Amino acid sequence: MVQQSLIYSFVARGTVILVEFTDFKGNVTSIASQCLQKLPSSSDKFTYNCDGHTFNYLVENGFTYCVVAVDSAGREIPMAFLERVKEDFNQRYGGGKAATAQANSLNKEFGSKLKEHMQYCIDHPDEISKLAKVKAQVSEVKGVMIENIDKVLGRGVIIGHLVDKTENLRSEAQDFRIRATQMRIKMWFQNMKIKLIVLAIIIALILIIVLSVCGGFKCN
Numbered sequence: 032m033v034q035q036s037l038i039y040s041f042v043a044r045g046t047v048i049l050v051e052f053t054d055f056k057g058n059v060t061s062i063a064s065q066c067l068q069k070l071p072s073s074s075d076k077f078t079y080n081c082d083g084h085t086f087n088y089l090v091e092n093g094f095t096y097c098v099v100a101v102d103s104a105g106r107e108i109p110m111a112f113l114e115r116v117k118e119d120f121n122q123r124y125g126g127g128k129a130a131t132a133q134a135n136s137l138n139k140e141f142g143s144k145l146k147e148h149m150q151y152c153i154d155h156p157d158e159i160s161k162l163a164k165v166k167a168q169v170s171e172v173k174g175v176m177i178e179n180i181d182k183v184l185g186r187g188v189i190i191g192h193l194v195d196k197t198e199n200l201r202s203e204a205q206d207f208r209i210r211a212t213q214m215r216i217k218m219w220f221q222n223m224k225i226k227l228i229v230l231a232i233i234i235a236l237i238l239i240i241v242l243s244v245c246g247g248f249k250c251n
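Heads up, the sequence shown is in my numbering, so the first residue is 32 and it goes up one at a time.
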């Protein structure tokens, strides 16, 4: 029986429940609705425990898919059910009627489908388990890919820093070459100045010697 594991389900747009189904007598419907009001708006999966039941939610693109299950159902079957309902619901109403439908207005059209998906997931636990494992492996691969991308991005940042440092080094090297050239020119002028001074001293000494030997400028 459906009520043995999956006991209540609905599809909502925001906080407006468009379709719901249950064969169960109890207050799980009100609890599930109250949880809906508190759910984060971000796309994600959520599970809450209460009084021996799990309240499972799949939020995506503004729509919330919910199923209430007994604890013994685990988490694979409820989540597999939500994925099946989401795909079926999107195929039927995606981008159309669901965007403007009123509260519970899709019960006649889609309520029986919720019941069918419940029964299928309960009657085929092995198949659901295999699919869950495959999806888990895919999720693991995605996680590795994301990690690798993060590493690449991190490396890109490091490369960016290295490029900046390289540019700084190039700029510093250019400044050094300019300063070195200026220093060489300065040293050349200083050397020429020293050489001219030495030459002037030598000429002066020669003149002094000549004048001292010749007794002035009257030397024959």
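Beta carbons are placed, not taken as given, at the ideal position from N, Cα and C, and that holds for glycine.
Computed from a predicted structure; not experimentally measured.
Whole-number beta carbon distance between residue j and residue i, since they are thought to touch under 8 Å
i, j, result
"Ala104", "Ser36", "4 Å"
"Pro109", "Val98", "5 Å"
"Tyr96", "Leu113", "5 Å"
Alpha-carbon to alpha-carbon, residue j and residue i
i, j, result
"Ala235", "Arg208", "40 Å"
"Tyr79", "Asp102", "11 Å"
"Leu89", "Lys144", "17 Å"
"Met106", "Ile38", "Looking at the sequence shown, residue 106 is not Met but Arg. For Arg106 and Ile38, the distance between alpha carbons rounds to 14 Å."
"Thr212", "Ala231", "28 Å"
"Thr46", "Asn87", "15 Å"
"Ser136", "Ala63", "19 Å"
"Phe41", "Ala134", "11 Å"
"Met149", "Asn138", "15 Å"
"Gly83", "His155", "23 Å"
"Val229", "Phe220", "14 Å"
"Ile237", "Val244", "11 Å"
Those residues which DSSP pairs with residue i across a bridge
i, result
"Val84", "Inspection of the sequence shows that residue 84 is occupied by His rather than by Val. DSSP lists Cys81 and Val101 as partners of His84."
"Asp75", "Val90"
"Phe52", "Ser40"
"Thr131", "Looking at the DSSP assignment, Thr131 forms no beta bridge with any residue, so it has no partner."
"Val47", "Arg44"
Residue of the options minimising C-alpha distance to residue i
i, options, result
"Tyr124", "His148, Val50, Tyr151 and Arg210", "Val50"
"Gly93", "Lys56, Gln122 and Ala129", "Ala129"
"Glu140", "Ile159, Asp157, Phe120 and Thr131", "Phe120"
"Ala43", "Leu162, Lys217, Gly57 and Gly142", "Gly142"
Residues near residue i by beta carbon distance below 6 Å, same chain, minus five either side
i, result
"Ala100", "Ser36, Leu37, Thr85 and Pro109"
"Glu91", "Ser74"
Residues near residue i in its chain [Cβ-Cβ closer than 7 Å; skip 5 each side]
i, result
"Lys226", "none"
Own chain residues within Cβ distance below 8 Å of residue i, not counting five before or after
i, result
"Gln68", "Thr46"
"Cys81", "Ile62"
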